[in-house]
Amino acid sequence: MSVIEAKTPSLPAFVEAALPVPLRRVFTYGIPPEMRGSIKLGARLTLPFGRRNLTGYAVGLHAELPPDVDIDASKIRDIIEVADDEPLITPEILRLTQWTADYYASFWGEMLKASLPAGINTDKVRPKRRKAVRLVWSPGFSRPVAKESPEGGTQNKPLTEQQEKIVDLLTANGGEMLFTDVLEQIDVGASPLNTLAKRGFVEIYVQDVMRDPLAGASFPERDDFTLTGEQRSALDQITTAIDDEGKFKAFLLHGVTGSGKTEVYIRAMQHALDAGRSAMMLVPEIALTPVFSRRLRAVFGSEVAILHSNLSSGERFDEWRRIRRGDARIAIGTRSAVFAPLENIGLVIVDEEHDPSYRQHESPFYNARDVAVMRAHLAGAVVVLGSATPAMESFYNSRTGKYTYLHLPDRIGGRGLAPAELIDMREVFKRFGKDVPLSPELLSAIAETHSKGEQVIILLNRRGFSQFVLCRTCGETLKCKNCDITLTFHRGNNKLICHYCNYREQSPKICPHCQSEYLYFVGEGTENIADQLAKKFPAMRVARVDRDSMAHKGEMEEVLLKFAAGGLDMLVGTQMIAKGHDFPNVTLVGVISVDIGLGLPDLRSAERTFQLITQVAGRSGRGTQAGKVLIQTYYPEHYALRHAKEQDYEGFYDEEIKFRERLGYPPFFVLASILIKHRDHSYASKNANILRRALDEANAARHARVLGPAPASLSRLKNEYRLQIIVKAVSRKSLRETLDIALADAEHHGCDIRSIYVEIDPVNLM
Ligand code: ADP
Ligand code: ZN
Ligand code: ZN
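Our numbering puts the first residue of the sequence shown at 31, with every later residue one more than the last.
Written out as structure tokens, the structure is:
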């Protein structure tokens, strides 16, 4: 792979380009003489590739053909265009994406593309320009005086009344305004303005405007409290490390929910800024950002840029540009914000570092938490991973000393964590002789909470109305035609929907297999539970929060802000409501069927269940009133539930780590999950077998364990069959070596590499 050269002795004649294609290599192109002076590393290039043109990225510049390229110079094609005079990609991001692509056995060009705001390579994302007007007199904007007219003579015709008004208005606004604002405020047509421009009194021009995702929002008051001793100690260690310039250091900030971690992050970022450096903070989901972005904006003003997927592409582009220009030195955002082009970064924070949404689930795979650690490493910066329920790997790293452990064991203000109770749903089943989704215990707690004027959160991990549709006559379930997945009933639009490929069909009245009328809807989802609760508690204002109800930009934000302001009494939702929020009036959290995962044989199902319950439990009793947590479960003896009830992280860790060690899972082993996908089952199977043989050969010394191919847990998705091979190795190095050799060898033996998807450090094996 290429070496990035910082300087070239003479003008470059060849460029190495990373292309967004699934190939683990870079491509060499010639640079036409007239473009040689303007091409810089990190610039986007338009390149011929096969019969298409692609946007690639300049990753190496050479005066002569690099010696490791063994093609005839005359066969090398020329680039078509250099898209950027100033490269969008900084040298630091070039290095980081190269490392990331390599670490995840992924593709550099795809990583580079993923590092830029979505849509930037299309014409859809453009800077927004508006017409503006300014007085041409300065300084002091004295009254316009007569000017020379082009025909000679002077135009000393006095200003009309309307023109006078315009000049007054502009003067009052610092001499410069948006064209439309002038028209609106003067309530005249455009003609007096145009006349003023013609007479040379004002200038009309086009201005670049930045779209502000928080335009019009109100910001909370900044609290100026004294840090607790524990916050102080954590902050001091972080700031001391920031001051030790150029040195990488990693912290794990383990603090229970409400222990004041966010306050530590904010002050640490302030410290980095004061030291003339920039700071980045990653958050897991958009759900976290509305309240939190406002809190940051209140502290840092326009120094903060926000990057998350719920922004319009234009807003995202503008926020990104503010960072690239150095106007915003704090970037906060979700996953891909880890590639924000901040310069001179001093601090990287990953909040809720255990969260699965840091994982990109499609190619290019990466985990933003791990990339963040590497980013800090490359930049000689400090990284802080924060969580109430650290990922097993992170806590393990703090035990082995790789990360420095910072602990905030108590909630602010001495408020205890809300006590939790398990409700054994097997008991409830016995009492009623059937499954009931809402136990009497939970219902009466809701009524009691409401009677005190306090708020309720109900967590449920299933979207839709019912999980699946079963025919009671023939026993068949209704499945997606593209996937081996049962369809979920959504009553809102009377449709059956596949949650994996989004296939939809009208909900049938009779069974398509046997024409029976006895269709049975099983497994309540959020839509159903929210309905039932609204019926049972007509006096309560209930809102549902999940991906279906929050499909439109701004909806989520609106509901959360309304709930925070007391305009709603109960939220029913998926994990979107579990994390990060600070709603002081919530005193009851109910958890329904989040433990279904425990029935699945997955490496992280216990960890996920524990995290989710602990996170949502942390929403209860954050204000002045004591809170409580009720957890409905079918597995009350499971260690994930026992420890979640006690909110005992270390107890859980100690049991889970033994399980990981026994089964050869991370952090003791490094895993790769390889999916072989194809529409044709036998083709997928053929490729999988070639790959398996190549893996065995590459692994002759048996440093790794290879399992499969076997049908993946989701054995058919989006019309493709999916086979899975799992590779477990004792070290990252031996894993990568085995994979690299095997992939090259398999391709050589006719394996279609395009059907192979390698995922290093998979978050699940399903
Ligand atoms: P976490 O991020 O750990 O969940 P936060 O930083 O959001 O916790 O703090 C929880 C609440 O306590 C917030 O309302 C915050 O404003 C408040 N808070 C944080 N630190 C202090 C402090 N030292 N004194 C008083 N209130 C604090
Ligand atoms: Zn049937
Ligand atoms: Zn489907």
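C-beta atoms are modelled at their ideal positions from N, C-alpha and C, and glycine is treated no differently.
May I ask you to check if the CB of residue i is nearer than 7 Å to at least one heavy atom of ligand 2?
i, result
"S546", "yes"
"E506", "yes"
"C501", "yes"
"D391", "Looking at the sequence shown, residue 391 is not Asp but His. For ligand 2, not one heavy atom lies less than 7 Å from the Cβ of H391."
"T543", "A small correction: the amino acid at residue 543 is His; Thr does not occupy that position in the sequence shown. Result yes, Cβ under 7 Å from ligand 2."
Taking buried to mean at least 16 other C-beta atoms within 10 Å of its own C-beta, is residue i buried or exposed?
i, result
"Q545", "exposed"
"S172", "Residue placement at S172 cannot be trusted, given a pLDDT of 49 that sits under 50; what the coordinates show is reported in the next sentence. Result: exposed."
"K143", "buried"
"H778", "exposed"
"K291", "buried"
"N83", "exposed"
"Y87", "buried"
"G182", "In this predicted model, G182 has a pLDDT of only 48, less than 50, meaning its place in the structure is not dependable enough to derive any value."
"D400", "buried"
"Y695", "buried"
"E554", "buried"
"E789", "buried"
"I362", "buried"
"D348", "buried"
"V236", "exposed"
"A160", "Looking at the sequence shown, residue 160 is not Ala but Arg. Exposed is the call here."
"V45", "buried"
"P792", "buried"
"Q677", "buried"
So does residue i have its beta carbon nearer than 7 Å to some heavy atom of ligand 1?
i, result
"I216", "no"
"S289", "yes"
"F255", "yes"
"D612", "yes"
"G285", "yes"
"E382", "no"
"T790", "Rather than Thr, the amino acid found at residue 790 in this sequence is Ile. False, no ligand heavy atom lies under 7 Å from that Cβ."
"T292", "yes"
"T644", "no"
Name the one or two DSSP bridge partners that residue i has.
i, result
"L618", "V486 and K658"
"C501", "L549"
"R74", "Y87"
"F519", "S496 and L526"
"D381", "G416"
"G60", "F44 and D108"
Spatial neighbours of residue i within its chain, please: CB distance less than 6 Å, with the 5 preceding and 5 following residues excluded, ordered by chain position.
i, result
"A714", "I706, H708, Y751 and L753"
"H543", "C504 and E506"
"E315", "S387"
"A564", "V572"
"V99", "T58"
"G657", "A448, T617, S650 and G651"
"L189", "none"
Just to confirm my understanding: we take residue i, look at its own chain, exclude 5 residues before and 5 after, and list those with CB closer than 7 Å. What are they?
i, result
"A728", "T768, I771, A772 and D775"
"A734", "V757, K758, A759, S764, L765 and T768"
"P117", "K70, L71, G72 and A73"
"A47", "V56, F57, Y59, L75, L77, G86, Y87, A88 and V89"
"S428", "L282 and Y435"
Cβ of residue i within 7 Å of any heavy atom in ligand 3?
i, result
"K748", "yes"
"Y530", "yes"
"N397", "no"
"I61", "no"
"C781", "no"
Within its chain, find whatever has a CB closer than 8 Å to the CB of residue i; leave out the 5 residues flanking it on each side and keep chain order.
i, result
"S785", "I706, K707, H708, Y713, A714 and N717"
"Y548", "C501, R502, T503 and C541"
"S68", "V112 and D115"
"Q562", "P467, L468 and E554"
(request) Decide if the segment 94-108 is in contact with the segment 364-375; the criterion is three or more beta carbon pairs, one per stretch, under 8 Å apart. (result) no
(request) Count the CB pairs spanning the segment 331-351 and the segment 385-404 that are closer than 8 Å, and state whether there are at least three. (result) no
(message) Can you confirm whether the segment 486-496 touches the segment 615-623 when touching is taken to mean that 3 or more C-beta pairs between the two stretches lie within less than 8 Å?
(response) yes
(request) For the segment 203-219 and the segment 302-310, state whether three or more C-beta atom pairs, one from each stretch, are separated by less than 8 Å. (result) no
(message) Under 8 Å: do the segment 258-267 and the segment 377-386 share three or more Cβ pairs, one atom per stretch?
(response) no
(message) Within 8 Å, do at least three Cβ pairs link the segment 680-690 to the segment 649-656?
(response) no
(message) Pairs of beta-carbons, one from the segment 275-293 and one from the segment 421-441, closer than 8 Å: are there three or more?
(response) yes
(message) Any contact between the segment 455-471 and the segment 591-598? By contact I mean 3 or more CB pairs, one from each, below 8 Å.
(response) no
(request) Please confirm if the segment 122-134 is in contact with the segment 398-414, defined as three or more CB-CB distances below 8 Å between the two stretches. (result) yes
(message) Would the segment 508-521 count as touching the segment 629-645 if we require 3 or more Cβ pairs under 8 Å?
(response) no
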